[in-house]
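As structure tokens, the structure follows; a few thoughts come after it.
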Amino acid sequence: MTNPDLSRRALLAAGAGGVVAATLPGLTTAAEAHEPAQRPNFLWFLTEDNGPYNGAYGDRVARTPHIDALAQGGIRFDVAYSAAPICAPSRFAYLTGLYPETAGPAQHMRATAKIPDTVRGFPEYLRQAGYYTTNNSKTDYNAPIDLAATWNASSGSAHWRNRPAGTPFFAQFTTMTNHESQMFAVTDGITDPADVHVPAFLPDTPEVRRGIAHFYNRQAVADAELGKRLAELDADGLADDTIVFYFGDNGGVMPWSKRYANDRGLHIPLVIRIPPKWRHLAPEPPGGHVSSPVHGVDFAPTVLHLAGLRPPEHMQGQPILGRRPRRQQVTVGGRSRMGERYDLQRAARDSRYLYIRNYLPHRPYGQNAGYMWQLPIYQIWEQAHLDGTLNPTQERFWDEKPFEELYDLHDDPDQVTNLAGSRRHSSTLERLRRSLDAHMVAINDNSFIPESHPVEGYQQSRAPGAYPLALVMKVAELAARRDPGKLDQLLRYLDHGNDIVRFWAAQGLLGLGTHAGAVAQAMTATFHAEPSVYVRIPLAEALARLGHTQHSVKFLAETLDTHPNTWVRLQALNALTFVGVAAMPYKAVVERAAALPDEYLGNAGRYLNHVLAGTYTPTTKIYGGMG
47 MTNPDLSRRA LLAAGAGGVV AATLPGLTTA AEAHEPAQRP NFLWFLTEDN
97 GPYNGAYGDR VARTPHIDAL AQGGIRFDVA YSAAPICAPS RFAYLTGLYP
147 ETAGPAQHMR ATAKIPDTVR GFPEYLRQAG YYTTNNSKTD YNAPIDLAAT
197 WNASSGSAHW RNRPAGTPFF AQFTTMTNHE SQMFAVTDGI TDPADVHVPA
247 FLPDTPEVRR GIAHFYNRQA VADAELGKRL AELDADGLAD DTIVFYFGDN
297 GGVMPWSKRY ANDRGLHIPL VIRIPPKWRH LAPEPPGGHV SSPVHGVDFA
347 PTVLHLAGLR PPEHMQGQPI LGRRPRRQQV TVGGRSRMGE RYDLQRAARD
397 SRYLYIRNYL PHRPYGQNAG YMWQLPIYQI WEQAHLDGTL NPTQERFWDE
447 KPFEELYDLH DDPDQVTNLA GSRRHSSTLE RLRRSLDAHM VAINDNSFIP
497 ESHPVEGYQQ SRAPGAYPLA LVMKVAELAA RRDPGKLDQL LRYLDHGNDI
547 VRFWAAQGLL GLGTHAGAVA QAMTATFHAE PSVYVRIPLA EALARLGHTQ
597 HSVKFLAETL DTHPNTWVRL QALNALTFVG VAAMPYKAVV ERAAALPDEY
647 LGNAGRYLNH VLAGTYTPTT KIYGGMG
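What the sequence shown shows, in the working numbering, is residues 47 to 673, in sequence order.
If you want it as structure tokens, here you go:
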């Protein structure tokens, strides 16, 4: 399914001056080929967990001379979004040119997409056309991609310098310097904590300021690493033959950014430098900027296009460079499972406004996740929450969510004033609503399918009748709006023939809380008769939270303890986490989960075990390894 607004077929006919013949599945060719010497090289330099915190984007605290110089000689993209606010789903989009949600479970952190055999990592197309492709060195693609076919070399020593003489290259480098893991131990450096901006949602303490300053210090080191690669290009006499991309794999790492579908989590820096001989392919002169939104899914087709190759038909992005790059008005992003915690957020952003839709509003923003809770600022923030010292803006992270959020990023960069209820912004809200809906339908968004459900996947979800997306979206919105007046409608959908529809009806009853008490008897009867474990889990949680704990909590505990599917067990454990003291009789089951070698079951089990034991504090070690 292709959205006409996302189509790039018309502009591709113009090409980048010719096309190299290729025979890989899905790749089409034009009539004329470049000579090797006429084809550009490509250097991709990625920084981990990094929003646009650099001078090129107007940040006065950042010390990023190499990024800033690259922007002065290149093009800055003002609104570039990653596919997800975390690495693996975003890297799936970078590699394949597909949105992760189009091929579940790629949208979840550390999952394996179900994709057609014809989908390749895009560097394989470059290899077929004579390029030498290298990756130094992170992969993490959430997909069963043949890396040996994708890369000539993928290791810590991979470099364009190892290619055969005269061969054009595509070289990718990723630095871990400003990865989240580098923020767990805070050290002082060149950045004065007094100079940093503390977002309005965080408590302004010396410890928080030191943590933010530490991030800027790491960014300066990453900038120097970019400078080293650019110096290598110069030393090799290749700068005039190489198109350089600098960008982040996802947005920033400070609290309420990474893992969250807001501007902090999705907005990445993107600077592209094009040498003079290919300047005709640049949409702006050196030092210029592009204000139209772009997306990580666009990067693969852009490189193929500039290399003279027509991107394969399955790619959902569009070239953002070339003689006539097509511009879009809205870009999108989303959150699904992040680590051990489930949530579902979808976001749409234009040049000024950000719209967020929360499909699980009964879950708070601030769900404990073992890996990210190693960040000291999360510990400080939660302790202040527990101590009752936060103001309402700072407390909001620990609350349940509204269905819709709308932010004016020009006037409110901290995203603390929700304009979704503003009559003055109603037309903006409706426009972004429609854009998001159209996008989800166009890509056949798999995010509404419970993880590990049999219809998950690019082809599986497109089988006739398997996944009635339009109806599922309707019921999911009905559920997320939490309107007690719609209780009867949710009950009717709980009797639907498709269990994904029933799953969302059950989520709606769960989200209604005590308002669903009037139909508890009907919910109980359905729970006992329901054949789908995916539906029974939210129904069990809903009943337990209404006080009907005997069968519901036992079912959640037994599912956690014995179900053969890891993801089903994790869904049950998440539900058990929110039933409160009703889980206490099954503490031994939780303890067994806490001892499991699986990272996510172990983290979630340890957290709940400490909560039930009364030993949890924000500094309690939950994370058990891997990452």
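Note that the Cβ used here is the ideal one computed from N, Cα and C, for glycine as well.
Min CB distance residue i to chain C below 8 Å
i             : result
glutamine 553 : In the structure shown, chain C cannot be found, because there is only a single protein chain.
Helix, strand or coil at residue i according to DSSP, with G and I counted as helix
i                 : result
glycine 626       : helix
leucine 92        : strand
glycine 294       : strand
asparagine 263    : helix
leucine 573       : What sits at residue 573 in the sequence shown is phenylalanine, not leucine. Reduced to three states, the DSSP call for phenylalanine 573 is helix.
aspartate 287     : helix
glutamine 153     : coil
serine 498        : coil
phenylalanine 216 : strand
asparagine 414    : coil
histidine 594     : coil
alanine 516       : helix
threonine 179     : strand
arginine 319      : strand
alanine 659       : helix
serine 200        : strand
alanine 372       : In the sequence as presented, alanine is not what sits at residue 372; that position holds arginine. Here arginine 372 sits in coil by DSSP.
asparagine 702    : Examination of residue 702 is not possible in this model, given that the chain is present from 47 through 673 alone.
threonine 221     : strand
asparagine 87     : strand
glutamate 278     : helix
aspartate 186     : coil
aspartate 105     : coil
valine 242        : coil
glutamate 446     : coil
Own chain, CB closer than 6 Å to residue i, minus 5 neighbours either side, in chain order
i                 : result
tyrosine 401      : Ala394, Leu452, Leu478
phenylalanine 291 : Trp90, Ile318
alanine 126       : Ile314, Leu316, Val340
tyrosine 140      : Gly342, Phe345
histidine 561     : Pro530
proline 321       : Asp286
leucine 592       : Gly563, Ala566
The ligand ZN heavy atom lying under 7 Å from the CB of residue i
i             : result
histidine 341 : With respect to the ligand ZN, the structure offers nothing, as it holds no ligand at all.
Those residues which DSSP pairs with residue i across a bridge
i              : result
isoleucine 314 : Ala126
aspartate 454  : Tyr399
glutamine 391  : Arg381, Asn404
glycine 334    : Ile121
valine 340     : Ala126
threonine 251  : According to DSSP, which records beta bridges pairwise, threonine 251 is partnered with nothing at all.
Residues near residue i by beta carbon distance below 8 Å, same chain, minus five either side
i              : result
histidine 609  : Val579, Arg615, Ala618
asparagine 224 : Thr93, Glu94, Asp95, Asn96, Phe261, Arg264, Gln265, Val267, Ala268, Val299
aspartate 454  : Arg398, Tyr399, Thr463, Leu465, His471
alanine 222    : The amino acid at residue 222 is misidentified as alanine; the sequence shows methionine. Excluding residues within five positions, the ones whose Cβ falls inside 8 Å are Glu94, Lys184, Gln228.
threonine 595  : Leu589, Val625, Ala628
asparagine 681 : With the chain running from 47 to 673 in the structure shown, residue 681 is simply not present.
threonine 435  : Pro249
Anticipated Cβ contact below 8 Å, residue i with residue j, distance rounded
i              : j                 : result
leucine 327    : glycine 368       : 5 Å
alanine 415    : glutamate 386     : 6 Å
proline 169    : threonine 142     : Actually they do not touch by this definition, with Cβ atoms about 11 Å apart.
arginine 524   : valine 565        : Per the sequence shown, the amino acid found at residue 524 is leucine instead of arginine. 15 Å between Cβ atoms; not a contact.
alanine 199    : asparagine 208    : 6 Å
alanine 590    : alanine 628       : 5 Å
isoleucine 236 : arginine 109      : 6 Å
glutamine 374  : alanine 307       : The Cβ separation is near 18 Å, so there is no contact.
isoleucine 121 : histidine 351     : Not a contact, Cβ separation roughly 15 Å.
leucine 540    : alanine 526       : That belief does not hold up - the Cβ atoms of leucine 540 and alanine 526 are roughly 16 Å apart, past 8 Å.
proline 584    : phenylalanine 549 : 7 Å
Cut-off 7 Å between Cβ atoms - residues of its own chain near residue i, not counting five sequence neighbours on either side
i             : result
arginine 85   : Pro214, Ala353, Gly354
alanine 68    : Annotation note: pLDDT 38 at alanine 68 (below 50); position unreliable, coordinate value reported separately. Contacts found: Thr75, Tyr171, Gln174, Ala175, Leu355.
glycine 671   : Glu645
histidine 471 : Leu452, Leu465
serine 136    : Ser128, Ala129, Ala130, Asp295, Asn296, Gly342
proline 448   : Asn404, Pro407, Asn464, Ala466
Inter-stretch contact at 8 Å, needing at least 3 Cβ pairs: the stretch 94-103 / the stretch 291-309
yes
Contact the stretch 170-183 vs the stretch 210-219: 3+ CB pairs below 8 Å
yes
State whether the stretch 501-517 contacts the stretch 541-559, with contact taken as three or more CB pairs (one from each stretch) at a distance under 8 Å.
yes
Counting beta carbon pairs with one atom in the stretch 239-256 and one in the stretch 109-116, are three or more of them shorter than 8 Å?
no
Counting pairs of Cβ atoms below 8 Å between the stretch 494-504 and the stretch 147-166, do you hit three or more?
yes
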